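Engineer:
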Amino acid sequence: MPLRLLCLHGWGTNQKILQSQLSGLMHELQRDNTATFSFLEGDVDSAPGPGIAGYYDGPYYSYYRFPRTFSHEDSDESDILEAYEQLSETIALEGPFDGVLGFSHGGTLAAGFMIHHAKMNPNEPALFRCAIFINSLPPFRMEPGKRPVVDEGLEGFISIPCVHIAGAKDPLFEYSMTLYRLCAARYSTFAVHGKGHDVPSDGKNVAIIASAIRKLSSQIL
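According to this note's numbering, the sequence shown is numbered sequentially starting from 155.
#1: Which value, in whole angstroms, describes the spacing of the CA atoms of Ile367 and Pro302?
#2: Specify, as a first and last residue, the run of the alpha helix (DSSP H) that Arg335 falls within.
#3: Need the endpoints of the alpha helix (DSSP H) that Leu241 sits in, please.
#4: Taking a contact to mean a Cβ-Cβ separation below 9 angstroms, would you say Gly260 touches His163 in this structure?
#5: Contact between the stretch 281–292 and the stretch 315–324: three or more CB pairs below 8 angstroms?
#6: Going by DSSP in three states, Thr223 sits in which element: helix, strand or coil?
#7: Terminal residues of the continuous alpha helix (DSSP H) containing Ala272?
#8: On the CB-based measure, 16 or more other CB atoms within 10 Å of its CB, does Tyr334 come out buried or exposed?
#9: Taking Tyr376 as the reference, which of Pro325, Asp233, Val360 and Gln175 has the closest Cα?
#10: For Met274, is the classification buried or exposed, using 16 other Cβ atoms within 10 angstroms of its Cβ as the cut-off for buried?
#11: Which of the three DSSP states, helix, strand or coil, is assigned to Lys346?
#12: Using only alpha-carbon positions, find the residue among Gly205, Ala361, Pro293 and Val360 that is nearest to Ser396.
#13: Leaving out the 5 sequence neighbours to the left and right, which residues in its chain are closer than 6 angstroms to Gly266 when beta-carbon positions are compared?
#14: Do you know offhand how far Ala189's Cα is from Ala201's?
#15: DSSP state of Arg185, grouped into three classes?
#16: Determine the direct distance from the alpha carbon of Gln240 to that of Gly203, and round the result to whole angstroms.
#17: For Phe282 and Gly253, which I take to be in contact (beta-carbon distance under 8 angstroms), what is that distance rounded to the nearest angstrom?
#18: Just to confirm, is the Cβ distance from Tyr215 to Asp233 under 9 angstroms?
#19: Go ahead and pull the three-state DSSP assignment for Ala207.
Put into structure tokens, the structure is as follows:
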């Protein structure tokens, strides 16, 4: 049986863009029936993400106002809670899913969603059996031109098997490592591809990512 994955896109993109970004990896993992892929699109209108305009057509979306800042306006968590509700409804209507795959902003959403669920429902099982984070940060806030500041109180809530994939040339590499450290070490794998803050499409790097996901699949299925 293949892993059934719910895929979440990056900030200022859309589900078709993520499908394009993941096309090489999807082809590789579908070749031996390792995984199937479902996509959820954000519903918050956004400017195009870095490197997106002129290469991919819009409209462009995020799951919530992103990035969050320390301003009074961003102290309101309602848009994040609405994004969590969108995820919950998708799981109820289209699930269950074995795992969640998030790229960048999508991975941040997935991590926050799982942590929120664990805090609110400590006696309930996890929402997913596994998670795949690609170039993803933990929940954070940041001011324009500043570095992200990771939220406090995130430790100990993600205890499912996870694969963390980071680009060696990603300027946000350290935050992928931070998210890795927030997850249960005995269940987590950290894999590094040779690119930046993107999803590689070349054979060598796709193979690195696919190998880590195949190991994850054998671990939970």
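All C-beta atoms, glycine included, are put in the ideal place defined by N, C-alpha and C.
What you are looking at is a predicted structure, and each value in this text was computed from that prediction instead of being measured.
Structural biologist: On the basis of the data shown:
#1: 28 angstroms
#2: Phe327 to Leu336
#3: Ser232 to Glu248
#4: yes
#5: yes
#6: coil
#7: His259 to Met274
#8: buried
#9: In the structure displayed, the chain extends from 155 to 375; residue 376 sits before or after that span and is not available.
#10: exposed
#11: It is Val, not Lys, that sits at residue 346 in the sequence shown. Strand, per DSSP.
#12: What is shown of the chain runs 155 to 375, which leaves residue 396 out entirely.
#13: Pro293
#14: 31 angstroms
#15: helix
#16: 21 angstroms
#17: 5 angstroms
#18: no
#19: coil
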